[in-house]
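Protein chains in written order, with the numbering used here: chain A, 1 to 183; chain B, 184 to 340. Glycine residues also receive a C-beta, built at the ideal position from the N, C-alpha and C atoms.
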Amino acid sequence: MDINDLKKSWATLNHDDLDKGQLQKMIRVKNHPTLQKLRIKLLTEIILLTLFLFIYYDALDGNKKPVYINLLLISGILLFIINNAIGYLFVKKMIYLPNIVSSIQRQIVILNRMFALSIISSVFYSVTLLLFLTVSIDFTNTKYFILIGILLAFSVMFFVSFKTWNARINHFRQLLADFKNYT
Amino acid sequence: MEEKFLYILNQNQKLIHKITRLYRDTFDDQQDLFQEIVYQLWKSFPSFRSESEMSTWIYRIALNTALSSYRKKRITFDHSENIPEKFLIENVSENSENEDRMFAALKELNDAEKAIISLFMEDYSYQEIASITGITENYVGVRINRIKEKLKIILGK
Chain A
1 MDINDLKKSW
11 ATLNHDDLDK
21 GQLQKMIRVK
31 NHPTLQKLRI
41 KLLTEIILLT
51 LFLFIYYDAL
61 DGNKKPVYIN
71 LLLISGILLF
81 IINNAIGYLF
91 VKKMIYLPNI
101 VSSIQRQIVI
111 LNRMFALSII
121 SSVFYSVTLL
131 LFLTVSIDFT
141 NTKYFILIGI
151 LLAFSVMFFV
161 SFKTWNARIN
171 HFRQLLADFK
181 NYT
Chain B
184 MEEKFLYILN
194 QNQKLIHKIT
204 RLYRDTFDDQ
214 QDLFQEIVYQ
224 LWKSFPSFRS
234 ESEMSTWIYR
244 IALNTALSSY
254 RKKRITFDHS
264 ENIPEKFLIE
274 NVSENSENED
284 RMFAALKELN
294 DAEKAIISLF
304 MEDYSYQEIA
314 SITGITENYV
324 GVRINRIKEK
334 LKIILGK
């Protein structure tokens, strides 16, 4: 088999044609494999966090905490929701520039920005939540242990998030290098 | 507009099938990528300018989508639908032996090489390949020659 045989096989590739109905289904978001899952996740987060915003003030003694702590918590939650919504929109609309190399370059720039926003929003949200829960509280040994546990859990989450983002960005850097360099 | 789009898509779906088989190993992944490409084509359809060939436009978006959708390497288990097609015995009878050998060889290339050689196999000129990929025309020639050499070694194994 040589390159001409490859070209012949490529040109005459066998495949099962999809009918019009099947193709029509594919252009709807509700049938999209990734977008539908992301949409449900985003909506669930928005509903749960909005619900939390409505009940936390009474249920978690928000009225007994300083106003600035309440404001910080609300901004932390809003930033978290905005970050997730941006992520959804990014997946929904592919970057499509006149050529592949520029598209990948643009994708790397945007991913770096989203990486920064994601880490900032997660850290900000976690810090404001911790501040809210710990301000004007009488600490006992048990409470200190719980606090350390929460801090450790957050650290692991940040580390995993950092590694995932890095792997994603490095994948596109490597792809760009594969287009531009040949060794 | 939807009717027109579906008609064009139907006429050109073979192009998309080629890209999905080139960039994804399992049937499920190929189906997901097919759907993702169709969705992105539909989203970009209103901005399509007829100065470029329809098939070229589809090829650009299909390649862009295949390359842009980052997927973590998955560990697959003992389910036939997750077995890479090059190892699926049933496929040997279904598809021609040449097709299987072709995809097995092409899958040894990296993603950038796959894009360049697929455009070459679609008979695009060096100038068109340069315009679609964003590398220079001279460099396209160099890359294609090197990919051909690489494929010769792979196919000779």
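Amino acids of chain E, ordered along the chain, whose beta-carbon sits closer than 9 Å to that of residue i
{"i": "B:ASN328", "result": "Annotation note: the requested chain E is absent from the structure, which comprises protein chains A and B."}
8 Å CB neighbourhood of residue i in its chain, flanking five on each side removed
{"i": "B:VAL275", "result": "Because B:VAL275 sits at a pLDDT of 48, beneath the cut-off of 50, its placement in the model cannot be relied upon, and the following sentence gives the value as read from the coordinates. Closer than 8 Å at the Cβ level, and outside the excluded window around B:VAL275, lie ASP283."}
{"i": "A:PHE162", "result": "ILE119"}
{"i": "A:ILE137", "result": "LYS143"}
{"i": "B:ASN195", "result": "MET237, SER238, ILE241"}
{"i": "B:ILE272", "result": "Bear in mind that a pLDDT of 45 at B:ILE272, under 50, signals an unreliable position, so the model cannot answer this."}
{"i": "A:ILE86", "result": "MET114, LEU117"}
{"i": "A:ILE108", "result": "ILE169, PHE172, ARG173, LEU176"}
{"i": "B:MET184", "result": "PHE228, PRO229"}
Assigned secondary structure, residue i (DSSP; H/G/I helix, E/B strand, else coil)
{"i": "B:ARG284", "result": "helix"}
{"i": "A:TYR96", "result": "coil"}
{"i": "B:GLU311", "result": "helix"}
{"i": "B:PHE231", "result": "coil"}
{"i": "B:ARG207", "result": "coil"}
{"i": "B:GLU305", "result": "coil"}
{"i": "B:LYS340", "result": "coil"}
{"i": "B:GLY317", "result": "coil"}
{"i": "A:HIS15", "result": "coil"}
{"i": "B:VAL221", "result": "helix"}
{"i": "B:MET184", "result": "coil"}
{"i": "A:ASP138", "result": "coil"}
{"i": "B:SER252", "result": "coil"}
{"i": "A:MET114", "result": "helix"}
{"i": "A:ASP2", "result": "coil"}
{"i": "B:ILE272", "result": "At B:ILE272 the pLDDT is 45, less than 50, meaning the model places this residue with poor confidence and gives no usable figure here."}
Residue i beta carbon near the ligand ADP (any heavy atom closer than 6 Å)
{"i": "A:ASP17", "result": "Judged by which ligands are present, the structure shown has none, so any question about the ligand ADP falls away."}
Neighbour flag for residue i against chain B, beta carbons, 7 Å
{"i": "A:TRP165", "result": "no"}
{"i": "A:MET157", "result": "no"}
{"i": "A:VAL101", "result": "yes"}
{"i": "A:ILE3", "result": "yes"}
{"i": "A:MET26", "result": "yes"}
{"i": "A:ARG168", "result": "yes"}
{"i": "A:LEU23", "result": "yes"}
Min CB distance residue i to chain A below 7 Å
{"i": "B:MET184", "result": "no"}
{"i": "B:THR316", "result": "yes"}
{"i": "B:LYS269", "result": "Residue placement at B:LYS269 is flagged as unreliable, the pLDDT there being 49, under the threshold of 50; a coordinate-derived value is accordingly withheld."}
{"i": "B:ALA295", "result": "yes"}
{"i": "B:LYS331", "result": "yes"}
{"i": "B:GLN223", "result": "yes"}
{"i": "B:GLU236", "result": "no"}
{"i": "B:THR248", "result": "yes"}
{"i": "B:LYS201", "result": "yes"}
{"i": "B:LEU205", "result": "no"}
{"i": "B:ARG284", "result": "yes"}
{"i": "B:LEU302", "result": "no"}
{"i": "B:SER227", "result": "yes"}
{"i": "B:ASP212", "result": "no"}
{"i": "B:LEU198", "result": "no"}
{"i": "B:TYR253", "result": "yes"}
{"i": "B:GLN218", "result": "yes"}
{"i": "B:ASN281", "result": "yes"}
{"i": "B:LEU292", "result": "no"}
{"i": "B:ASP208", "result": "no"}
Residue range of the alpha helix (DSSP H) that includes residue i
{"i": "A:LYS65", "result": "Looking at the DSSP string, A:LYS65 is not in any alpha helix (DSSP H), and its letter there is neither H nor E."}
{"i": "B:LEU292", "result": "Where B:LEU292 is concerned, there is no enclosing alpha helix (DSSP H), given that its DSSP letter is neither H nor E."}
{"i": "A:LYS30", "result": "Segment: none, A:LYS30 is in no alpha helix (DSSP H) and carries neither H nor E."}
{"i": "A:PHE162", "result": "141-180"}
{"i": "B:GLU236", "result": "Run containing B:GLU236: none; DSSP gives neither H nor E here."}
{"i": "A:ASP58", "result": "35-59"}
Residue i and residue j closer than 7 Å at C-beta
{"i": "B:ILE199", "j": "B:PHE217", "result": "yes"}
{"i": "B:ASP294", "j": "A:LEU175", "result": "yes"}
{"i": "B:ILE327", "j": "B:PHE303", "result": "yes"}
{"i": "A:SER103", "j": "A:ILE110", "result": "no"}
{"i": "A:HIS32", "j": "B:TYR222", "result": "yes"}
{"i": "A:VAL135", "j": "A:ILE55", "result": "no"}
{"i": "A:TRP165", "j": "A:PHE115", "result": "yes"}
{"i": "A:LEU35", "j": "A:LYS92", "result": "yes"}
{"i": "B:LEU224", "j": "A:LEU23", "result": "no"}
{"i": "A:LEU97", "j": "A:ARG106", "result": "yes"}
{"i": "A:ILE100", "j": "B:GLY339", "result": "no"}
{"i": "B:LEU189", "j": "A:LYS20", "result": "yes"}
Own chain residues within Cβ distance below 7 Å of residue i, not counting five before or after
{"i": "A:ILE46", "result": "ILE81"}
{"i": "A:SER121", "result": "LEU79, PHE80, ASN83"}
{"i": "B:GLU296", "result": "ILE330"}
Close-in-space but distant-in-sequence residues of the same chain around residue i (CB under 6 Å, 5 per side omitted)
{"i": "A:LEU42", "result": "ASN84, TYR88"}
{"i": "B:ILE202", "result": "ALA245, ALA249"}
{"i": "A:PHE154", "result": "SER126"}
{"i": "B:GLY324", "result": "TYR309"}
{"i": "A:ASN132", "result": "According to the sequence displayed, residue 132 of chain A carries Phe and not Asn. Cβ neighbours of A:PHE132 beyond the five flanking positions: ILE69, LEU73."}
{"i": "A:GLY76", "result": "PHE124, TYR125, THR128"}
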